[in-house]
Amino acid sequence: MPAGPDHERWQPLPGRWLNVDGRVGLAVLLGEGQMILCDRAVRRGGAASICFEDVYFPWSDQPRSCPSGEVAQETIVALLARTGPDATARYAATHLVTVEEHSADRLALRVVAPDGQAFLVTANFGLGRVGMRTFRETPPAR
Numbered sequence: 720m721p722a723g724p725d726h727e728r729w730q731p732l733p734g735r736w737l738n739v740d741g742r743v744g745l746a747v748l749l750g751e752g753q754m755i756l757c758d759r760a761v762r763r764g765g766a767a768s769i770c771f772e773d774v775y776f777p778w779s780d781q782p783r784s785c786p787s788g789e790v791a792q793e794t795i796v797a798l799l800a801r802t803g804p805d806a807t808a809r810y811a812a813t814h815l816v817t818v819e820e821h822s823a824d825r826l827a828l829r830v831v832a833p834d835g836q837a838f839l840v841t842a843n844f845g846l847g848r849v850g851m852r853t854f855r856e857t858p859p860a861r
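Residue 740 in our numbering sits at position 21 of the sequence shown, and the numbers go up by one each step.
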């Protein structure tokens, strides 16, 4: 599609990460699909925005319906500040999410930060209280 004053340019991105100006990294940790960059001809939010580009993951141009109670999409994307392209690529390749617990009502994921510190991210999708095993893990010795 041509880029011009009234057009957008959609560009599929290879791989599961991208880096902006050697300063901000984006790494897909969980999820399937294509990452797409949309380069807009005008600012998306008008004069109040500096946003000309959007990143979509996962991308699909096909509508789909999801019944009530069904998970629409399982995706985790890490935003890495003050990170260059080499570090972003390394993080995307080596830091995956570990599913600690997964059921219809609850989800617990362990995510490891670039400094090695592990975090437990939990979600309760049910209507009542649920108990979850939580833990604190120390970073590996360097």
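Just so you know, even glycine gets a beta-carbon here, dropped at the ideal spot from N, CA and C.
Leaving aside the five residues before and after Gly881 along the sequence, list all residues of the same chain whose C-beta is less than 8 Å from its C-beta, in chain order.
Absent from the model: residue 881. The displayed extent of the chain is 720 to 861, so no value can be given.
Measuring only the C-alpha atoms, how far is Gly803 from Asp740?
Here the question's residue 803 lines up with position 84 in the sequence shown. Here the question's residue 740 lines up with position 21 in the sequence shown. Their backbone Cα atoms lie some 8 Å apart in a straight line.
Excluding sequence positions up to five away, which residues of its chain have a Cβ less than 8 Å from the Cβ of Arg762?
In the sequence shown, counting from the first residue as 1, residue 762 sits at position 43. Ser768, Ile769, Cys770, Phe771, listed in sequence order.
Just the Cα atoms here: how many angstroms apart are Leu798 and Leu846?
Numbered from its first residue, the sequence shown carries residue 798 at position 79. Numbered from its first residue, the sequence shown carries residue 846 at position 127. So the alpha carbons of these two residues sit roughly 30 Å apart.
What separation, rounded to the nearest whole angstrom, lies between the Cα atoms of Asp758 and Val743?
Translated into the one-based positions of the sequence shown, residue 758 becomes position 39. Translated into the one-based positions of the sequence shown, residue 743 becomes position 24. Roughly 17 Å between the two C-alpha positions.
Note down the Cα distance separating Ala842 from Ser822, rounded to an integer number of angstroms.
Numbered from its first residue, the sequence shown carries residue 842 at position 123. Numbered from its first residue, the sequence shown carries residue 822 at position 103. If you take the alpha carbons of Ala842 and Ser822, they lie about 11 Å apart.
Do Ala767 and the ligand NAD come close, with the Cβ less than 7 Å from some heavy atom?
Looking for the ligand NAD in the displayed structure turns up nothing, as the structure carries no ligands at all.
Along the chain, where does the alpha helix (DSSP H) containing Ala827 start, and where does it finish?
On the sequence shown, residue 827 is found 108 positions in, with the first residue counted as 1. From DSSP, Ala827 is part of no alpha helix (DSSP H) but of the beta strand (DSSP E) over 825-831.
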